[in-house]
Amino acid sequence: MKQIYDITRGMFSTEPYPGDPVPALDTLQTIPDAGYRLSALRCCCHAGTHIDAPSHYIEGGAGIAEIPLQTFCGPCAVWKGQPLPGRGQLRDWVQEGISILLLQGEIPTSFAKAAVEEGIVFLGTDAPSIGREPEEEAVHRILLQAGIPVLENADLDGVPAGEYRLAAFPLKLEGAEAAPVRAVLWIE
Numbered sequence: 009m010k011q012i013y014d015i016t017r018g019m020f021s022t023e024p025y026p027g028d029p030v031p032a033l034d035t036l037q038t039i040p041d042a043g044y045r046l047s048a049l050r051c052c053c054h055a056g057t058h059i060d061a062p063s064h065y066i067e068g069g070a071g072i073a074e075i076p077l078q079t080f081c082g083p084c085a086v087w088k089g090q091p092l093p094g095r096g097q098l099r100d101w102v103q104e105g106i107s108i109l110l111l112q113g114e115i116p117t118s119f120a121k122a123a124v125e126e127g128i129v130f131l132g133t134d135a136p137s138i139g140r141e142p143e144e145e146a147v148h149r150i151l152l153q154a155g156i157p158v159l160e161n162a163d164l165d166g167v168p169a170g171e172y173r174l175a176a177f178p179l180k181l182e183g184a185e186a187a188p189v190r191a192v193l194w195i196e
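Here it is, written out as structure tokens:
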């Protein structure tokens, strides 16, 4: 690997989504007292850099542990700035074998529909939510209904636009609608 980018935000240094609990690491045992350290993590499944599964908005949708792992890794395009890529660019990437896309900022419903129609299988953003108000819920529903998981709160600072390989595996939280991830991009 020539270059690797950790695009994961710190769990405790990232502002939680409004209304979500603040993540905390509680010390249960210390080395001076017990001879070992033991901690407990308290957080929302949507804390830090995380992936939303279809069950986040879709009744009966797949939970985070049910999504095939190959969904979360592979060729990826990073797009920075506006305007968002058009249908032709999305189609070209998918034809080239790139079906994972990371973007800066939130997206409108029109872009979510285009991503579904053009064959994107995993979509992410550096924003706390993939959709902008007042379309936030609609964007989630469009993508998640199509079975497209959503990576949110990625750290794309210092990552140039371009083509990469992505690995962003969620914790295997059975029954959960989302999970934190450690996400990385690299160029081979």
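Take any residue in the sequence shown, count from 1 to its spot, add 8: that is its number in the working numbering. We put the beta carbon where it would ideally sit given N, CA and C, even for glycine. Model, not experiment: these values are computed from the prediction.
| Asked | Found |
| --- | --- |
| Please confirm whether residue 24 has its beta-carbon closer than 8 Å to some beta-carbon of chain C. | No chain C appears in this structure, which consists of one protein chain only. |
| From what residue to what residue does the alpha helix (DSSP H) around residue 133 run? | Looking at the DSSP string, residue 133 is not in any alpha helix (DSSP H); the run it does join, the beta strand (DSSP E), is 130-133. |
| Starting from the C-beta of residue 167, find all residues in its chain whose C-beta is less than 7 Å away, skip the five residues before and the five after it, and write them out in chain order. | 13, 15, 86, 193 |
| Do you know offhand how far residue 186's Cα is from residue 72's? | 6 Å |
| So, is residue 65 buried or exposed, given that buried needs 16 or more other C-beta atoms within 10 angstroms? | buried |
| So what's residue 47 in DSSP terms, helix, strand or just coil? | strand |
| Am I right that residue 150 and residue 124 are in contact with their C-beta atoms under 8 Å? What's the rounded C-beta distance? | 6 Å |
| Using DSSP with H/G/I as helix, E/B as strand and the rest coil, what is residue 186? | strand |
| Let me know if residue 196 comes out buried or exposed under the rule of 16 or more other beta-carbons within 10 Å of its beta-carbon. | exposed |
| Would you kindly report the start and end of the unbroken beta strand (DSSP E) that includes residue 170? | 170-178 |
| Quick one: give me the first and last residue of the beta strand (DSSP E) that residue 160 is part of. | 158-160 |
| Quick check on the DSSP output: the alpha helix (DSSP H) that includes residue 98 runs from which residue to which? | 95-103 |
| If you draw a straight line from the C-alpha of residue 51 to the C-alpha of residue 110, how long is it? | 25 Å |
| Rounded to whole angstroms, what's the CA-CA distance from residue 135 to residue 160? Just pull it up for me. | 6 Å |
| Mapping DSSP to helix, strand and coil, what is residue 62? | helix |
| Let's see if you can read the secondary structure: which residues bound the alpha helix (DSSP H) around residue 124? | 117-126 |
| I need the DSSP call for residue 12, collapsed to helix, strand or coil. | strand |
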